[in-house]
Each structure stands twice: as structure tokens, then as C-alpha cells.
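Report on one structure; see the data block that follows.
In the numbering used here, the protein residues as written are -17 to 134.
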């Protein structure tokens, strides 16, 4: 999702912008893309081991694991990024952090059927779902790192 600039809101009053005394826009309109036009938000200032990068990576992966679509996951990740102060390089570092997030321990082939039964009994997603979610999260975070600041 992205936020329209205050001039875009003024040009389109149906977009939901509100003014305080006619000067400043307090609530900006949300559009169908998560990019903020004209905003540079990612330029490699963080490492994958940074707790913020790992938090964004975890949020993105969990969002996909629990059935979120790319737009919703991007919205949630962007909201978290904004709450932590919009740190430079966060999306790229988070994409790299996907590879260093904790993974389930390997299970010998002989024990895999038992493990799957236990996972189903406890409502734990199969490891394949976690891996697919991690790949989707990494792809999304890489796209956010590349595309942030590019007008839609």
C-alpha cells in the first residue's frame, strides 16, 4: 500500500484525506500499492543480524505462512517498518535475514511420519508450508527493497 501526497489528496477529496484547519493533512489516503511515491526508503544501512531486520523477516514469513496475500503482508511489514522509525536498508536486510531465521531441526526419515502426525495433532503447519512462506517473504522483501520510492 502507499500513501498519497497531500497534494494528491487535495486534488481528490474522495480519497479520504482530512485537514486540520485547512493547512495540514493529518490522515493521508491509502492506495492499492504499498509504495510511497518519491520516497527513498532502503539504501543498505542494516545487516541481516539486526533485530529489526529479523523482526521484519519473521513478520513477512509468518504473514504468508498463515495465509496472507502479498498486499496484506507488505502492508503489515511496512507498518512495522514505519513504527520502528523507517531505518535505512531494513527491507534488503530483512530479505537476507530470511536465510538466517531459525528452522526446525532435521528429523531422520524413519521418524518423519510420526512427526507429521504430531504436527497435525498440534495444528502445526507442515515444514513445506513454512519453506514456501519463507521464499514468498524473501521475494516480497526484495521487491520492497528494490521498488520503494518508485512511483506506481
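Even glycine gets a Cβ: it sits at the ideal position worked out from N, Cα and C.
(message) Between the alpha carbons of residue 79 and residue 95, how many angstroms are there, rounded?
(response) For the purposes of this step, residue 79 is taken as residue 97 along the chain shown, with counting starting at 1. For the purposes of this step, residue 95 is taken as residue 113 along the chain shown, with counting starting at 1. Inter-residue distance for residue 79 and residue 95 is about 30 Å (C-alpha atoms, whole angstroms).
(message) By alpha-carbon positions, which one of 104, 54, 108 ends up nearest to residue 87?
(response) The residue you call residue 87 lines up with position 105 of the chain shown. Considering only alpha carbons, the answer is 108.
(message) So, with DSSP's three-state summary, where would you put residue 40?
(response) Within the chain shown, residue 40 is the residue found at index 58, counting from 1. It is helical.
(request) Indicate the three-state DSSP secondary structure (helix, strand or coil) for residue 85 in the structure shown. (result) Counting from 1 along the chain shown, the entry for residue 85 is found at position 103. Here residue 85 sits in coil by DSSP.
(request) Give me the Cβ distance between residue 70 and residue 41, rounded to the nearest whole Å; I'm assuming they're in contact under 8 Å. (result) Residue mapping note: residue 70 aligns to position 88 of the chain shown, counting from 1. Residue mapping note: residue 41 aligns to position 59 of the chain shown, counting from 1. Distance from residue 70 to residue 41 at the Cβ level is roughly 18 Å; contact not present, criterion being Cβ atoms closer than 8 Å.
(request) Please state whether DSSP places residue 30 in a helix, a strand or coil. (result) Taking the chain shown and counting its residues from 1, one reaches residue 30 at position 48. Under the three-state reduction of DSSP output, residue 30 falls in the coil class, being neither helix nor strand.
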